[in-house]
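One structure is given here, and the rest of the page talks about it.
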Amino acid sequence: MNQEFQFHPEMASTFAYEVDMLYFFVVAVSVFFMALICVLIYAFAVKYRRRTPDQQAEAQIHGNLLLEIIWSVIPLGLMMIMFAWGAYLFFRVNQIPEGAMEYYVVGKQWMWHIQHPTGQREINELHVPINTQVKLTMASEDVIHSFFIPAFRIKNDVIPGRYTTMTFEATKTGKYHLFCAEYCGTEHSRMIGSVYVMEPEDYQNWLSGGVRDQTPEEAGARLFSQLNCATCHSDRAGARGPSLNGRYGTEELMADGEPVLVNEAYIRESILNPRAKIVSGYQSIMPTFQGQITETNIFNLISYIKSLPVTEGTPQ
Amino acid sequence: MSVSMEVTPHGHDEHAEHPEYRRHQFDDMDQQNEAASLGMWLFMLTEVMFFGGFFLGYSIYRSEYYDSFVNGSHHLAVFLGGLNTVVLITSSVTMAFAVRAAQLGKKNHIIAFLGTTLLLACMFLVVKFFEYKDKWDHHLIPGMDFTWTDPGDPKTIQLFYGFYFCMTGMHGLHVIVGVGLIIWLLVRVKQNKFTSEYYAPIENFGLYWHFVDLIWIFLFPLLYLIGGLHE
Amino acid sequence: MAEHAEHSGPHIASVSNYLTIFSLLLILTAATVGVALLDLGIFNTVVALLIACVKAMLVILYFMHLKYSTDQTKLAAAGAIFWLMILLVITAFDYVGRTWQHIPAGW
Amino acid sequence: MSTLESNGVVAEHRMPRDHFLNATHTVKSWLLTMDHKRVGLLYLVSISLFFLIGGTFAGIIRLELATPQADLLEADQYNTAFTMHGIVMIFFFLIPSIPAVFGNFVMPLMIGAKDVAFPKLNLASWYLYIFGAALGVITTLFGGVDTGWTFYTPYSSTYSNGNVILAAGAAFVIGFSSILTGLNFMVTIHKMRAPGLSWFKMPLFVWGIYSTSLIMVLGTPVVAITLVLLMVERGLHIGIFDPSLGGDPILFQHLFWFYSHPAVYIMILPGMGVISEVIGAFSRKRIFGYEFIAMSSVAIAVLGFFVWGHHLFVAGQSIYAGMVFSFLTMLVAVPSAIKVFNWMATIYKGSVSYDTPMLYALSFIFLFSIGGLTGVFLAVMGLDIHVHDTYFVVAHFHYVMVGGAISAYLAALHFWWPKFTGRMYPEGWSRFAAFMIFAGFNLTFFPQFIVGYLGMPRRYHVYPEEWQFLNILSSAGATVLAVGFVIPLIYFLWSLKSGKASGPNPWRATGLEWVLSSPPPEHNFPKTPIVREEPYNYGKIIDNPAEEETEDVEHV
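If you want it as structure tokens, here you go:
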């Protein structure tokens, strides 16, 4: 991190470059119009200044339709360019790339819990390898937070009760600021941390040096048996709950005839609010785990369920 | 100067023929009545937006937690809700007759119709009271020891009751304000404050009262009849 | 004052007019409850709302005399509905949009 | 007595014998007044008080931010300070500022009315304001509130330890004051215009007030109900916005911004009206493109209701809704551009003097243009991801609300002060203050654009050390700005007793309010005026300067 005075933040992700291009374009347009307005208004104000107290205006002009149209249409056109460019970038950054490394982020007053795909956990620090697509799945345990890495030009609110995601690909090694950008209470301005972008080998070294817990899948598997999930969710004929093998990413038919995509949000909802959507052919008998399971453990369960392979005889 | 200070064509002489109900800032009664009426309509516009916030929240959660809303709705007393609908509609028509009586300058009729409207408004409140009391007895007041023993998700059913009480409560508050205003109007009528030329307060209160009726026309199906009465 | 309506006296509706509207409102209330007894699926809600709208129109047009009011008043009433719709429709669009989970390829 | 060189007013003036200020003298006659002019002055005094309170909070904030560590304030104290700064400045100062003071005092004069349509309601609005403001003061005395002026759930509804219900109650009550004021103004403008004053002959300030009133009437009820739901949720834990009870915190943001984005236009639209008046008067020239300026006010008011979601791009809103909101937000740029270009064209070939109101107007154009153009950065979705909730946003809205709305407010105050009091303020001091405010303002807020793009989030009271330089610039600027704001307070008070008599029309401006004596008589126009001419007919006035000087309204 550069400790010296700067005018422009570092560009450390693929997206940062694209955002800055748009930024410079909008700055250029703004500077042009500011210059135009200033020069004309202040030039008029000086040129037509009142020299004698009774001086009249040189002319009384009602208006000019052509001029009005010109200075409506030109700004409108520029606005549309900016809108389209900005919307394009926004869609791009919200598009989750296939095969990205998946990190889980939990925000709570006032710290960030981060879990690596390989199981390492950190607080207020995020280590990522360079030139690698990274996906963050984020949830909050209490109020709304916002995960903000200025050097990557990305930010997304972390909301209680649902998942939000963001992706980036870092392009420059170094240490960067991590902030909470949505006001979240007393220590909001200390809910900060650092993002370390590392060369792949350094990242591997860091991983092996760090205290490695179980991977999310392993932790999830253990929880799955601790909570006796398998009592009902199994392949056995007549099982009381639907089998979970190979279901992630598929569409499941619900009791009300609606198909639902099995994704993180759906699994989370099913754990916390099992009655919300019932798979066709099953009874609503699952108890809620609301209040008995942390956001981190939900992530672990989801990772485990995602890892379950398609088994023989699973009806698709 | 760009203006001239003349007597306006329809301006009255300041001191001649100035009924006490004409306010000094108006040139004539037409202007005063039109201003009062426009003001009242604009006020109702704000009321629509005011209730609009409720309706928005209600629609969002109803579509999100439809089953819970159906469950919650089935515990409301449809008969009492329907009865209150009829009561309010009737009070609306008696109010319309009160305004008509005011237009015709028939003081006794105004008193009779306003009185009936008052009675019906009170009746609405009494019925509402018994509905609320029933919810209280069954621990269905959100945030105050809310208990739900039947099947369904208590959390989101409580949300339904939250909207039920907010919406009917705010509507009930409007009815209570209405009762106060009717009493005030009755006093004014007794004091012979109104004539067939000046009855704007009665007319504008009528608008308010019809609006209260209007809100209930929507609240009844939206709260009491979710998912129908079949089954 | 700039645009005073011609003074033609207020519109005084007839008693039978009010009674007709009153009975229509009662019939429609009965219809609301009646329809609720049938199982029409999603149309239960649609029909209930439609009936409520018709009732509301009757109240607005005849009890509140909108039918005989100035254009200005009509504009105020229309404005209320329009702004309410802005609030409801645009917000609802957000909630609908959140369920479109996939971002189209090519973006 | 007075010689105002730039305006050529050489004649000597006396204060008129009878006017609304000396009609009665008791405190009771002020507190129970039905006179729109007095109600306007009641607002002027009360909002000035709250401006000082809000300004004090701002000073404390800037002092704390002069260093990157927390040395002056604890975290909670800082959070309370910026929350109270926001609530006081927005709800107690900016929203009532121009509409309630100048809308009340000047608008009925401009349309040739004896008063607003509902004088009692008008006074009641002021009492509601005072009641809400009192609740706000009580909130502060009980330790304030720390949610930010936006009251975002679930922090405000569940987690905050501040007096959320009290603060929301204060905003709720003030909201009703605002609704009733707006309603009163709309009816007044519709029904009380003098004969001949058709819609397109109205001064542009009246158009601005009308557009603002439209927003007050349509938007404020929604925030009122939102605050009710918030209070109910906090009091009873119903769960309307609390995700752990099934609610959706984003719904709160929708409802809140449905009002609070248009609320920004409540602050700026009447300001734009003021600027149109001032630029015309000090260029002695008909406003260029009158119809376009008038209609662009209405367009901004209406479009303002379609764009609230641009506050929610990264808040979990659907990206499709975000796209619609971004598109619609872009459209607001057009009416804003129309106004700026038309003002520019008005100055062209004018007879431009540099009296204080005009200095504020020129400063408004500059600062508002920066504020508007940086708004584009926030409306462009791809950029907003980065700058959302950073100091870039803080700088942007201060450019619009302080650089825009407060510049316009000061322009209006200097422009109509002679009309309010019949006396002139010292021109030298007022120009000096205008320069200080302009310089101090830019020094305070321009560095915040840079530090914002560097990534400094808003509502932080400790921040990385490398941003201290920019923050010190900002704090230094705030000092200059504070001095700039205190100077007018002093010379306005001074001028009440010692200012030179201004005469009815010191600026030789057009408009019905300038026909009356200064201060105006108690009942405004002895006879209802009839308007025969276009607005801003500066060509004609100049033809007969002598006639105007000698004109004494009371004897016509």
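Residue numbers (this note's numbering), protein chains in the order written: chain P, 65 to 380; chain G, 873 to 1103; chain D, 11 to 117; chain E, 5 to 560.
We put the CB at the ideal spot given by N, CA and C, even for glycine.
Worksheet item: Between L187 (chain E) and L914 (chain G), which are expected to be in contact by the criterion C-beta below 8 Å, what is the C-beta distance as a whole number of angstroms?
Response: Between L187 (chain E) and L914 (chain G) the beta-carbon gap is near 5 Å, inside 8 Å, which marks them as a contact.
Practice prompt. Please compile the residues from chain E whose C-beta is within a distance smaller than 7 Å of the C-beta of F32 (chain D).
Written response: Those do not exist, as F32 (chain D) stays about 30 Å from chain E at its closest Cβ, beyond 7 Å.
Worksheet item: With Q472 (chain E) and P72 (chain E) assumed to form a contact (beta carbons below 8 Å), what rounded beta-carbon distance in angstroms separates them?
Response: That belief holds up - the Cβ atoms of Q472 (chain E) and P72 (chain E) are roughly 5 Å apart, short of 8 Å.
Practice prompt. Please classify V557 (chain E): is it buried, with 16 or more other beta-carbons within 10 angstroms of its beta-carbon, or exposed?
Written response: Because the pLDDT of V557 (chain E) is 39, which lies under 50, any placement of that residue in the model is unreliable, and the question is left without a value.
Worksheet entry | Local Cβ density within 10 Å of S129 (chain E), reported as buried at 16 or more and exposed below that | Buried, by the Cβ-count rule.
Discussion item. Comparing C-alpha positions only, which one of E:M196, E:I389, E:G212, E:I134 sits nearest to F176 (chain E)?
Written reply: Among E:M196, E:I389, E:G212, E:I134, the Cα nearest to that of F176 (chain E) is on E:I134.
Item to complete: Return helix, strand or coil for F211 (chain P), following the three-state DSSP convention.
Response: Three-state DSSP puts F211 (chain P) in a strand.
Fill in: CA-to-CA distance, I1087 (chain G) to H559 (chain E), given in whole angstroms
The predicted position of H559 (chain E) is uncertain, since its pLDDT is 34 and thus under 50; no value can be drawn from it.
Discussion item. Starting from K195 (chain E), trace the alpha helix (DSSP H) in both directions and tell me its first and last residue.
Written reply: Where K195 (chain E) is concerned, the enclosing alpha helix (DSSP H) stretches over 168–195.
Discussion item. Please tell me whether F1090 (chain G) has its Cβ less than 7 Å away from any Cβ of chain D.
Written reply: For F1090 (chain G), the answer is yes, since a Cβ of chain D falls inside 7 Å of its Cβ.
Worksheet item: Which residues bound the alpha helix (DSSP H) around A117 (chain E)?
Response: Premise fails: A117 (chain E) is in no alpha helix (DSSP H) and is neither H nor E.
Discussion item. Helix, strand or coil, according to DSSP, for N220 (chain P) in the structure here?
Written reply: It is a strand residue.
Fill in: First and last residue of the uninterrupted beta strand (DSSP E) at L291 (chain P)
Unbroken run through L291 (chain P): none, as it is neither H nor E.
Worksheet item: chain D partners of T957 (chain G), CB-CB under 7 Å?
Response: The contacting residues are T39.
Discussion item. Which residues in chain P have a C-beta closer than 9 Å to the C-beta of D1025 (chain G)? List them in chain order.
Written reply: Going along chain P in sequence order, the residues near D1025 (chain G) (Cβ under 9 Å) are N337, R339, A340, T352.
Practice prompt. Would you check if the distance between the CB atom of V69 (chain D) and the CB atom of V57 (chain D) is smaller than 7 Å?
Written response: At least 7 Å separates the beta-carbon of V69 (chain D) from that of V57 (chain D).
Item to complete: Inspect the beta-carbon positions of A216 (chain E) and P274 (chain E) and report whether they are closer than 7 Å.
Response: According to the sequence as given, residue 216 (chain E) is Thr; it is not Ala. Judged by beta-carbon spacing, P274 (chain E) lies within the 7 Å limit of T216 (chain E), meaning their Cβ atoms are closer than that value.
Fill in: Assigned exposure category for E906 (chain G) - 16 Cβ within 10 Å defines buried
Classification for E906 (chain G): buried.
Discussion item. Here's the rule: buried if 16 or more other CB atoms are within 10 angstroms of the residue's CB, otherwise exposed. What is L575 (chain E)?
Written reply: Within the shown structure, residues of chain E are numbered from 5 to 560, placing residue 575 (chain E) beyond reach of any answer.
Fill in: Option nearest G456 (chain P) by Cα separation, candidates E:D75, E:W347, E:P361
The question about residue 456 (chain P) has no answer, for chain P in this structure spans 65 to 380.
Practice prompt. Using a Cβ-Cβ cut-off of less than 9 Å, list which residues of the segment 1063–1082 of chain G approach chain E; keep chain order.
Written response: Residues of the segment 1063–1082 of chain G with a C-beta less than 9 Å from any C-beta of chain E: none at all.
Worksheet item: What are the partner residues of R185 (chain P), as DSSP defines its beta bridges?
Response: Its beta-bridge partners are P:Q179.
Practice prompt. State the DSSP-derived secondary structure class of P225 (chain E), mapped to helix, strand or coil.
Written response: Judged by DSSP in its simplified three-state form, P225 (chain E) adopts helix.
Practice prompt. Could you tell me whether any Cβ in chain E is nearer than 7 Å to the Cβ of T1040 (chain G)?
Written response: No, because no Cβ of chain E sits closer than 7 Å to the Cβ of T1040 (chain G).
Discussion item. Does the CB of M67 (chain D) have a neighbour CB from chain G at under 7 Å?
Written reply: M67 (chain D) does not count as touching chain G.
Worksheet item: Can you list the residues of chain P that E517 (chain E) reaches, using a CB-CB cut of under 9 Å?
Response: Contact note: E517 (chain E) does not reach chain P at a C-beta cutoff of 9 Å; the least C-beta distance is about 21 Å.
Practice prompt. Just grab the DSSP bridge partners of L317 (chain P) for me.
Written response: The partner list for L317 (chain P) (beta bridge, DSSP) reads P:P323.
Fill in: 4 or more residues per run - each alpha helix (DSSP H) lying fully within the segment 16–93 of chain D
Here the runs fully enclosed are 25–47, 53–68.
Worksheet item: Can you tell me whether H194 (chain E) is buried or exposed, with buried defined as 16 or more other CB within 10 angstroms of its CB?
Response: H194 (chain E) should be labelled buried.
Fill in: DSSP three-state assignment for F71 (chain P), whether helix, strand or coil
Under the three-state reduction of DSSP output, F71 (chain P) falls in the coil class, being neither helix nor strand.
Fill in: Helix, strand or coil at P264 (chain P) according to DSSP, with G and I counted as helix
Judged by DSSP in its simplified three-state form, P264 (chain P) adopts helix.
Worksheet entry | Cβ pair count under 8 Å reaching 3, the segment 87–97 of chain E against the segment 54–62 of chain E | Segments in contact, yes.
Item to complete: Return the CA-CA distance between F243 (chain P) and A443 (chain E), expressed in angstroms with no decimal places.
Response: If I take the Cα positions, the gap works out to 32 Å.
Worksheet item: H1102 (chain G) versus chain D: which residues are under 7 Å apart at the beta carbon?
Response: Under a criterion of Cβ atoms nearer than 7 Å, the residues of chain D adjacent to H1102 (chain G) are, in order, L47, L48, D49.
Worksheet item: What is the C-beta distance between I208 (chain P) and I223 (chain P), in whole angstroms, given that I count them as a contact (C-beta under 8 Å)?
Response: The pair is a contact, with the Cβ atoms about 5 Å apart (cut-off 8 Å).
Worksheet entry | Under 8 Å by beta carbon: chain G residues contacting G89 (chain D) | Chain G residues near G89 (chain D): L917.
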